[in-house]
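Structure, as structure tokens:
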Amino acid sequence: MTTPQELDEHFRASVSALAAPSESADPTASIREGAALTGAAALELFDAQLASRHLDLAARWLRSFNEGFYTIGSSGHEGNAAVAAAVTPTDPALLHYRSGAFYCARAAQVPNGPDAIRDVLRGIVASADEPIAGGRHKVIGHPDLAVIPTTSTIASHLPRAVGLAYAIEQRDLRHARRPGVGPIPPGAATQRVAAPTGYPDDAIVVCSFGDASVNHASAQAAFNTAGWAEHSDYRLPLLFVCEDNGLGISVRSPEGWVESVLRSRPGIRYFSADGCDIVAAYEAAVAAAAWVRAERRPAVLHLSVVRLMGHAGADAEVAYRPAAQITADVDRDPLVATASLLVHAGVISATDVLARYDEVGWRVRRVAEEVIAEPKLATAAEIVAPLAPRKPVRVARAVGDVAAAATGPALGARSQAFGGKLPEDGGPLTLAQTINAALTDALVANPGVVIFGEDVAAKGGVYGVTKGLRGRFGRTRVFDTLLDETSILGLALGAGSGGLLPVPEIQYLAYLHNAEDQLRGEAATMQFFSQGAYKNPMVVRVAGLAYQQGFGGHFHNDNSVAVLRDIPGLVVGVPASAAEAAPMLRTCFAAAESEGAVCVMVEPIALYHTRDLYAEGDNAWLHPYGPPGDWARDHAPIGRARVYHAGEHLTILTFGNGVRMSLRAAARLAAEGVGVRVVDLRWLAPLPVADIVRESAATGRVLIVDETRRSGGVGEGVLAALVDAGYQGSARRVSAVDSFIPLGAAAQHLLVSEEAVMAGARDLLRR
Numbered sequence: 001m002t003t004p005q006e007l008d009e010h011f012r013a014s015v016s017a018l019a020a021p022s023e024s025a026d027p028t029a030s031i032r033e034g035a036a037l038t039g040a041a042a043l044e045l046f047d048a049q050l051a052s053r054h055l056d057l058a059a060r061w062l063r064s065f066n067e068g069f070y071t072i073g074s075s076g077h078e079g080n081a082a083v084a085a086a087v088t089p090t091d092p093a094l095l096h097y098r099s100g101a102f103y104c105a106r107a108a109q110v111p112n113g114p115d116a117i118r119d120v121l122r123g124i125v126a127s128a129d130e131p132i133a134g135g136r137h138k139v140i141g142h143p144d145l146a147v148i149p150t151t152s153t154i155a156s157h158l159p160r161a162v163g164l165a166y167a168i169e170q171r172d173l174r175h176a177r178r179p180g181v182g183p184i185p186p187g188a189a190t191q192r193v194a195a196p197t198g199y200p201d202d203a204i205v206v207c208s209f210g211d212a213s214v215n216h217a218s219a220q221a222a223f224n225t226a227g228w229a230e231h232s233d234y235r236l237p238l239l240f241v242c243e244d245n246g247l248g249i250s251v252r253s254p255e256g257w258v259e260s261v262l263r264s265r266p267g268i269r270y271f272s273a274d275g276c277d278i279v280a281a282y283e284a285a286v287a288a289a290a291w292v293r294a295e296r297r298p299a300v301l302h303l304s305v306v307r308l309m310g311h312a313g314a315d316a317e318v319a320y321r322p323a324a325q326i327t328a329d330v331d332r333d334p335l336v337a338t339a340s341l342l343v344h345a346g347v348i349s350a351t352d353v354l355a356r357y358d359e360v361g362w363r364v365r366r367v368a369e370e371v372i373a374e375p376k377l378a379t380a381a382e383i384v385a386p387l388a389p390r391k392p393v394r395v396a397r398a399v400g401d402v403a404a405a406a407t408g409p410a411l412g413a414r415s416q417a418f419g420g421k422l423p424e425d426g427g428p429l430t431l432a433q434t435i436n437a438a439l440t441d442a443l444v445a446n447p448g449v450v451i452f453g454e455d456v457a458a459k460g461g462v463y464g465v466t467k468g469l470r471g472r473f474g475r476t477r478v479f480d481t482l483l484d485e486t487s488i489l490g491l492a493l494g495a496g497s498g499g500l501l502p503v504p505e506i507q508y509l510a511y512l513h514n515a516e517d518q519l520r521g522e523a524a525t526m527q528f529f530s531q532g533a534y535k536n537p538m539v540v541r542v543a544g545l546a547y548q549q550g551f552g553g554h555f556h557n558d559n560s561v562a563v564l565r566d567i568p569g570l571v572v573g574v575p576a577s578a579a580e581a582a583p584m585l586r587t588c589f590a591a592a593e594s595e596g597a598v599c600v601m602v603e604p605i606a607l608y609h610t611r612d613l614y615a616e617g618d619n620a621w622l623h624p625y626g627p628p629g630d631w632a633r634d635h636a637p638i639g640r641a642r643v644y645h646a647g648e649h650l651t652i653l654t655f656g657n658g659v660r661m662s663l664r665a666a667a668r669l670a671a672e673g674v675g676v677r678v679v680d681l682r683w684l685a686p687l688p689v690a691d692i693v694r695e696s697a698a699t700g701r702v703l704i705v706d707e708t709r710r711s712g713g714v715g716e717g718v719l720a721a722l723v724d725a726g727y728q729g730s731a732r733r734v735s736a737v738d739s740f741i742p743l744g745a746a747a748q749h750l751l752v753s754e755e756a757v758m759a760g761a762r763d764l765l766r767r
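Quick note on numbering: the UniProt record's numbering labels position 493 of the sequence shown as 493, and the sequence is numbered without any gaps.
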């Protein structure tokens, strides 16, 4: 391991040994014969490299007495400052955690821009005054610099970068207004959430990552999607930047492996350079960025760099690396290389280099001492404040505004979208038909809404839920994707960050699990790690839950939503019937637009086309589609339940398929003189706790009908809410068995049935 002291001493000794030319050079001239980089520009990049290096040294100094909490640094990667110089400050950047010099260089490009040194140090000491994450995590980001913070999850930001590039290229959608509605005033409830800086139409997306990341499934998904988009003639102005130091913590990348992976990606143009040579890195970055900007197509810039001072903190490299390798990396130190370039070109003397080095070092140390004393996050409320702001009045107002537009200025567009046959003028609809109509209304109301996923366009969805939408709105707004859930959600994340309102579909609930980090590690954390400066509004539709007849097995009848309910800030809803679907979807769209909410609607597959409730042919599970004049009245606020009946003997708390079973059971009990109130939770996150407690207390007997598994199921959360509220009464739950769902009739032995609901109710009534 190279220690901070050894690295400092090596730099000083190397610079002191440099011999300057006989005369000074013109700083406006090329730093090297034939190079586009001037001496003055190289000196500016050197300053960014110096700042980044001293920030790494300061992080280790702060950690030595427990005042610093993050020591993954950029030492050896400082050549990425050249990438910042090759692009513009309005090009959005999603940066690798070793891209400190890029951040310092970009901050210097913006007049009166942020103080990069203070920003980074505040992140290291977890200061509440840190401008992006506010002390929640050390991330590289700032809204004034178009630098979007990313988490430490390996390569998870690459699919988002693909989506952001897609959004930037959708100029017409980003700039469109609602049909028939004038300019949206600042702060209005209907204003769509957009990127804080706004991105020019010619912007490109920059996304940096390490060499070990190329092996991660998320990275492969991003590369594959970018190439697939190129092959499918979708333009993506995206520059991937691989900072290749040859190591993933202690695991060495095989010689030539990373290059072979990056070169082999179809549809992605390959550029490369020595990232320790600032001139070579700059020229390659300029060429790559110019190509992406002109062609609006993806490329990758492969920079060969080194890693100095180990992976982080007390990482003892000598335990897994030969001393000769470590020495060879130190000999390629990009700071020494840039200093040598400047001195040999006559731009600056060796003495002045050392003076500059010390000046930056002392400034970093002084600021570090200042930020130590800054306040830290002191309460749980402070910490979670940006996680998922709930503004129910604003959301309700947004629903009302959309309804008003639908009956006024947008009436013609709405009628045209429905082919002159408005859904409210027809008969009652199924759940699937209602969702289709609500999506149509969303597409009409907001030109930024885009719907995509596997089979959603040409086929109209496996269950016909999106049938006809592509024909009404075109392939730009409703389109099929490749079969990869990580790419689908990543596309949505980037599209939301870029000013659109994406509606991705996950074809089956079980298909979500291989991509869940795009929700957990990326979507849900964006507001948390940017204090609300960045948002990725989206409404995810997931066909799920069990009870399909004649088709199934655990992949198509997944009855677990635990992975969704466990994500902080995520909104999770389950529309059980046509009566709930449209109001809940409108709420999700309004929350996404006005709050940047990330919403997931889990749609019960078995209820998509169900028509009857109590008896065959009664059509009692159908429901009329409400006209816009009723939308505000029928609004379904997030975290509020719907109550059926006002029985005084028993309360049933349920959701999804359980609602239909419970209503049937309640009717049978009513015939016996037992009054039952059925509470459709509707929202599984956040749970409607106030409604749960109130309706349970009304009868003193609570039956929880939970179609998810007994362990980790929704019922556990409902019981906990009752206990926390001090509920005094009887409670019981019926739930599915802790098992995967088998094929055929065997599934009925595991799932909640109407008879199980009846048995649970009778047991409670005997108490």
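Ideal placement from N, C-alpha and C gives every residue a C-beta, glycine not left out.
Could you check the C-alpha separation between residue 586 and residue 438 for me, to the nearest Å? 7 Å
Does the distance from the CB of residue 386 to the CB of residue 134 come in under 9 Å? yes
How do the stretch 349 to 358 and the stretch 639 to 656 stand: do at least 3 beta-carbon pairs fall below 8 Å, yes or no? no
Using only CA atoms, which one of 110, 136, 84 and 605 lies nearest to residue 381? 136
Stretch pair the stretch 222 to 229 + the stretch 456 to 472: three plus CB contacts closer than 8 Å: no
Suppose the cutoff is 6 Å on Cβ atoms and the five residues either side in sequence are ignored; what does the same chain contact list for residue 127 look like? 135, 371 and 374
For the candidate residues 50, 639 and 664, whose alpha-carbon lies nearest to that of residue 336? 50
Give me the DSSP bridge partner(s) of residue 271. 301
What is the DSSP secondary structure of residue 209, reduced to helix, strand or coil? strand
Cβ separation of residue 417 and residue 440, assumed to be a contact under 8 Å, to the nearest whole Å: 6 Å
Does the stretch 522 to 541 come within contact of the stretch 473 to 486, defined as at least 3 CB pairs closer than 8 Å? no
Top-ranked residue by Cα proximity to residue 719, from 748, 742 and 689: 689
Excluding sequence positions up to five away, which residues of its chain have a Cβ less than 7 Å from the Cβ of residue 708? 559, 560, 561, 714, 735 and 736
Sufficient close CB pairs (3 or more, under 8 Å) joining the stretch 492 to 511 to the stretch 541 to 555: yes
State buried or exposed for residue 415, treating a residue as buried only when at least 16 other CB atoms are found within 10 Å of its CB. exposed
DSSP state of residue 168, grouped into three classes? helix
Looking at residue 238: is its Cβ nearer than 9 Å to the Cβ of residue 299? yes
Cβ-based burial, residue 5 [other Cβ within 10 Å; buried from 16]: exposed
I need the DSSP call for residue 526, collapsed to helix, strand or coil. coil
Where does residue 685 fall in DSSP's three states? strand
Which of the three DSSP states, helix, strand or coil, is assigned to residue 117? helix
Buried/exposed call for residue 338, threshold 16 Cβ in 10 Å: buried
From what residue to what residue does the alpha helix (DSSP H) around residue 44 run? 39 to 63
Contact belief for residue 31 with residue 279 at Cβ below 8 Å, rounded distance in angstroms: 6 Å
Contact between the stretch 87 to 99 and the stretch 229 to 243 is defined here as three or more beta-carbon pairs at a separation below 8 Å; is this criterion met? yes
Endpoints, alpha helix (DSSP H) assigned at residue 12: 4 to 16
Proximity winner among 66, 37 and 575, relative to residue 28 (alpha-carbon distances): 37
Test item: CB-CB of residue 728 and residue 697 under 9 Å: yes
By the 10 Å Cβ neighbour count, where 16 or more other Cβ atoms means buried, how is residue 513 classified, buried or exposed? exposed
Closest to residue 410 by CA distance: which of 428, 377, 427 and 447 is it? 447
Nearest to residue 141 by CA position, among 563, 529 and 427, is which residue? 529
Endpoints, the alpha helix (DSSP H) within which residue 153 is located: No alpha helix (DSSP H) holds residue 153; DSSP gives it neither H nor E.
Tell me where the beta strand (DSSP E) around residue 504 begins and ends. 501 to 506
How big is the Cα-Cα spacing for residue 452 and residue 208? 26 Å
Residue 212 to residue 538 span [Cα, whole Å]: 30 Å
Can you tell which of 376, 47 and 40 has its C-alpha closest to the C-alpha of residue 781? Given a span of 1 to 767 for the chain in the structure shown, any question on residue 781 remains unanswerable.
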